Amino acid sequence: MKTQKVLTEVESKELLAKDGIPVVEARLARNKKEAIAIAREIGFPVVLKIVSPDVVHKTDSGGVRLGLANATRVGRAYSEILSSVRQAYPGARIQGVSVQQMVPPGVEVIVGMSKDVQFGPVLMFGLGGILVEVLKDVSFRIAPVSKRDAGEMIREIKGYPVLDGYRGQEPASVTALEDLIVRVSEFVEKNPQIEELDLNPVFAYPDRAVAVDARIIL
Amino acid sequence: MSDDILKQFDPVFYPKSIAVVGASADAMKAGSYWVQTLVSAGYRGPIYPVGSRGGSIAGLEIYRNIRDIPGEVDYVIVAIPSRSVLDLLDDCAAKSVRAVQFFTAGFSELDTESGRSLEERMVEKARWGGFRIIGPNCIGVYCPEHRVSFLMGAIGEPGCVGFVSQSGGIAGKLATNGMARGIGYSKGVSFGNGIDLDASDFLEYLAADPQTRVIGAYLEGTRDGRRLFNTMREVSSVKPLVVWKGGRTEVGARAARSHTGSLASSPSVWSAVLKQAGAVEVHGLDELTDTLLLFQHAEHWQGARVGVIGGLADGGGGISVSAGDACTEIGLEVPPLSDQTDRALRELLGEVGSILGNPVDVSQAQFRGFPALFQAIETVAGDASIDFVLIQQDVDILLPMYSRAGLETINDFFIELRGRLGKPLVMVLPPGPVEQERLRLEQKLLAASIPVLSSVERAARAIFNVNTYFRRREIEAGQRDAA
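Top to bottom, those sequences are chains A and B. So that you can map any letter, position 216 of the first sequence is 216 in my numbering, and since no number is skipped, the others follow by simple counting. So that you can map any letter, position 395 of the second sequence is 1395 in my numbering, and since no number is skipped, the others follow by simple counting.
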């Protein structure tokens, strides 16, 4: 069995951004002072997330803090994240926290890739949260995925009407999602060493889509 | 390119001579079965039985070694234990044979290192010897036109449907169901473990083969998923490709591994691959044969609007209602008919006891005679708002009412109508207590290019499959024109 290497969110997003896949940039802060400085540069409000190759469930372990509106809150959140993660994952290697912009809410979707024994890289699309986990409402295509394939993936899921604007929520741009899926397909084809990829969630807006969290496994 | 592939497969589907290795004077041996099968199929070329003990079978001399055969040998069927196959392949190379099919099993499907390495050495020998391997663990080739078959007994009429099957059992079922249901095959093949020629090779061939217009496939797995995907995409852009993937569940996948040594992908990945390749996915033998039958009779996309005639005599009400449900639920349209049609039906049938929309229940015509019945059917069938006509005919109801002669008249009318209608007519003949009469009518209608299915649900599913394929192809053609 090959040993897997899980890239951190910061590393994953760097690779993705280089290939033109829209991500919310995450910068690594090794201490409280750096976190505050980065937050000032990005502009408040910001999000802080734990950066550790050993922490799989960042939110469950108290490793994520959202909507931090000023330097004081960023500083406090930094300490709180570190102490609760250390409690949940004793011995975890912690590189620091990532600081990123707090983006406005959009329709949550996920885009992923896993390798199939017979067909190689398979792309997955679904709506975020419960619809993926409980209802398995996802669609698949093997790479390379054309724009039309991507369009079919998006429209194929049962939850598609949610993307079309639901309860006053603004509709999500199908074109932007198609484009993102095609770029991810090109990305995984170009990097065959990638075994698994998760953009979860991606926020879809009326005019664009952006990956809020990302994870790559080599 | 396509000439090359046709030439390359000529010795596989049109062999000039066939040797059967593993034959003996004992009729119970597998090799002897193959000799008798070829004889019963009426194969016209020389058949050379080969067996270490010599003697004769079916009036044919048994040669002790393939090298002893006086004439040239195109195709070899092997039915000897797996431990002897490597020596045999040396003999085949010495004899300059073109293709070797292994009925013999006991290779990678056993999931052993020795099984896998034996297969590798067989492929090496084939490369070196300049011949191709079909199988192992398969029943090989079916080509009614050339009178080559894997079935003892009836061989069936040649036609335009080709198939590839990883399983011999399913290949046999496809052939026999085809004979019973009027599906004519150009050629078919069971390729088992597919160590040399596999699904992709045969699909490429069938796509190029001028005799083949529609292709069905039963697959359990593939060694080269990428190639299979690319092949299926190319094939389905020129001919309808209908695929049944076996081993969709965990239990099925486990069985597929020991059946043909196939690895498992998730069923959703297979479904995605088939859709992406433009193939039609079906989920069983019934749906596969139903869909192939319909493709055989529907050469072009006809649209998704169905006119349903649910009853020709008594009992048509509920059948019409449920037929409307079956079509609509699967994604076909059952549009209202024109005002003109509506008026004409009112006049012909009267309103009491009739359903005059779509689906239509024309059973009231039983009180007004055949002219009214036929005119009502023709009015519905001719309505410009429908593309397909789906008729349920309950032979058990019609026979006591009209007698056999009446049934003949009714079906002669359908055949005549089909000839001038310009749109497909699909007939549902549900099984019932007058099976012989029903089967006779089925054959009569099939001979006149009217596909016959056993339930409205199955018919609706098959019509939907045919439509999905042609609609997709039309969209792709549109996109190419636009580009």
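Virtual Cβ for every residue (Gly too), placed ideally from N, Cα, C. Bear in mind the structure is a predicted one, so any value in this text is a computation, not a measurement.
DSSP beta-bridge partners of residue i
i	result
Y1075/B	I1018/B and A1099/B
K1444/B	Partner(s): none; K1444/B has no beta bridge.
I217/A	V6/A and E196/A
G120/A	D116/A
P1049/B	V1020/B
W1244/B	Y1218/B and V1282/B
K49/A	V64/A and S98/A
C1143/B	V1148/B
R27/A	V99/A
L1425/B	V1389/B
V1452/B	M1427/B
L1090/B	Per the sequence shown, the amino acid found at residue 1090/B is Asp instead of Leu. Partner(s): none; D1090/B has no beta bridge.
V1360/B	I1309/B
L1060/B	I1057/B
E11/A	Per DSSP, none; premise fails for E11/A.
I1355/B	D1361/B
E1378/B	Looking at the DSSP assignment, E1378/B forms no beta bridge with any residue, so it has no partner.
E1333/B	R1305/B
Continuous beta strand (DSSP E) stretch holding residue i: start and end
i	result
P201/A	E196 to A204
I1386/B	It is not in any beta strand (DSSP E) - I1386/B carries neither H nor E in the DSSP assignment.
F1009/B	F1009/B -> not in any beta strand (DSSP E); alpha helix (DSSP H) instead, spanning S1002 to F1013.
Y1185/B	Y1185 to S1190
G102/A	This sequence places Met at residue 102/A; Gly is not what is there. Segment: none, M102/A is in no beta strand (DSSP E) and carries neither H nor E.
F1150/B	Careful: F1150/B lies outside any beta strand (DSSP E) and carries neither H nor E.
S1165/B	P1158 to S1165
A1208/B	Here A1208/B belongs to no beta strand (DSSP E); instead the alpha helix (DSSP H) covers A1199 to A1208.
A37/A	Where A37/A is concerned, there is no enclosing beta strand (DSSP E), although the alpha helix (DSSP H) it sits in stretches over K32 to I42.
V1434/B	Unbroken run through V1434/B: none, as it is neither H nor E.
A211/A	A209 to A211
R1132/B	R1132 to I1134
Delimiting residues of the alpha helix (DSSP H) encompassing residue i
i	result
M1232/B	G1225 to S1236
A1175/B	G1168 to R1181
A1405/B	V1395 to L1421
M1122/B	E1113 to G1129
A1027/B	Element bounds for A1027/B: n/a, residue is neither H nor E.
R1343/B	D1339 to L1349
Cβ shell of residue i (< 7 Å), same chain only, five flanking positions each side left out
i	result
G1324/B	V1308, V1334 and P1359
L1228/B	A1199, S1200 and T1222
R1346/B	L1356
S1455/B	V1428 and P1430
Y78/A	K32, A35, L48 and V97
A1459/B	L1390, V1426, V1428 and L1453
I38/A	R27, A29 and V99
S1082/B	T1104, G1106, F1107 and L1118
Assumed close pair residue i, residue j - CB separation to whole angstroms, cut-off 8 Å
i	j	result
P22/A	R208/A	7 Å
A1099/B	F1131/B	6 Å
E178/A	K147/A	5 Å
L198/A	G112/A	According to the sequence displayed, residue 198/A carries Asp and not Leu. Confirmed, about 5 Å.
G1188/B	L1203/B	Actually they do not touch by this definition, with Cβ atoms about 12 Å apart.
A1304/B	D1387/B	7 Å
G1045/B	K1016/B	5 Å
E1066/B	I1047/B	This sequence places Ile at residue 1066/B; Glu is not what is there. In fact, because the Cβ distance is near 13 Å, the residues do not count as touching under 8 Å.
R1121/B	L1088/B	In fact, because the Cβ distance is near 12 Å, the residues do not count as touching under 8 Å.
V122/A	I142/A	5 Å
V46/A	Q101/A	6 Å
V1269/B	L1241/B	Rounded, the Cβ-Cβ distance is 18 Å, inconsistent with contact.
L1151/B	G1172/B	6 Å
R1181/B	T1289/B	6 Å
Any C-beta of chain E under 8 Å from that of residue i
i	result
V122/A	The question asks about chain E, but that chain is absent: this structure's protein chains are A and B.
Neighbourhood of residue i by C-beta distance below 8 Å, restricted to the same chain and skipping five residues each side
i	result
C1160/B	G1184, S1186, Q1211, T1212, R1213, V1214 and Q1296
M1/A	Bear in mind that a pLDDT of 47 at M1/A, under 50, signals an unreliable position, so the number given afterwards is only what the model happens to contain. There are no such residues.
I1450/B	H1297, F1414, I1415, R1418, L1425, V1426 and M1427
Nonlocal neighbours in the same chain, by C-beta distance under 6 Å from residue i, ignoring five residues either side
i	result
I1415/B	A1448
K5/A	L218
V1039/B	A1058
The ligand COA heavy atom lying under 7 Å from the CB of residue i
i	result
A1041/B	Ligands displayed in this structure: none; no statement on the ligand COA is therefore possible.
| field | Inside the region 1456-1483 of chain B only - alpha helix (DSSP H) runs reaching at least 4 residues | value | If we require 4 residues or more, the alpha helix (DSSP H) runs fully inside the region 1456-1483 of chain B come out as 1456-1482.
| request: Write down every uninterrupted run of the alpha helix (DSSP H) in the region 1269-1316 of chain B whose length is 4 residues or greater and which is fully enclosed by it, in chain order. | output: Here the runs fully enclosed are 1285-1297.
| said: So within the region 107-191 of chain A, which uninterrupted alpha helix (DSSP H) runs reach at least 4 residues, ignoring any that extend past its ends? | reply: Complete alpha helix (DSSP H) runs here, min 4: 130-133, 147-156, 160-163 and 174-190.
| Which ranges would you report for the beta strand (DSSP E) in the region 62-97 of chain A if only whole runs of at least 3 residues count? | Taking 3 residues as the minimum length, the beta strand (DSSP E) runs contained wholly in the region 62-97 of chain A are 64-68, in order along the chain.
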